[in-house]
Amino acid sequence: MGETIYVIDPARCTECVGHFDEPQCVVVCPVECIDPDPAIPETHPQLLAKLARLRRDHPELYPHGAGAAHEA
Numbered sequence: 001m002g003e004t005i006y007v008i009d010p011a012r013c014t015e016c017v018g019h020f021d022e023p024q025c026v027v028v029c030p031v032e033c034i035d036p037d038p039a040i041p042e043t044h045p046q047l048l049a050k051l052a053r054l055r056r057d058h059p060e061l062y063p064h065g066a067g068a069a070h071e072a
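Next up, the structure:
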């Protein structure tokens, strides 16, 4: 059995806006290898809009409701 490898799906990544002050993948990565993708720059409002869209389109991922995120 090989080593476990995790991949972040940019289509589903909201950088934890509305939930945490910084992306949690960055916080827990033991080798500090998570960097923003310069090919996919997103503003805070764009990330909040993505979160709202994901909550609407994938309610199974958000069992606590499809409401808007908490804005920091």
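Per full-length UniProt numbering: the sequence shown = residues 1 to 72.
Built from N, CA and C at the ideal position, the CB exists for glycine as well.
Treat the numbers as computed from the prediction; the structure is a model and nothing was measured.
> Residues in its own chain within less than 6 Å of Cys-16 by CB, not counting five upstream and five downstream?
Replying inline: Pro-23 and Gln-24
> Any chance the region 35-51 sits against the region 3-20, with 3 or more Cβ pairs inside 8 Å?
Replying inline: yes
>> Against chain B, with Cβ distances strictly below 8 Å, would Arg-12 count as a contact?
In response: No chain B is present in this structure, which holds just one protein chain.
> Ordered along the chain, which non-local residues of its own chain (more than five positions away) have a Cβ less than 6 Å from that of Pro-10?
Replying inline: Ile-40
>> For Cys-33, which residues in the same chain have their Cβ closer than 7 Å to its Cβ, ignoring the five residues on either side in sequence?
In response: none
> Out of Met-1, Val-31, Asp-37 and Pro-30, which has the shortest C-alpha to C-alpha gap to Ile-8?
Replying inline: Asp-37
> Contact check, Arg-53 vs Tyr-62 under 8 Å by CB: the rounded distance?
Replying inline: That belief does not hold up - the Cβ atoms of Arg-53 and Tyr-62 are roughly 11 Å apart, past 8 Å.
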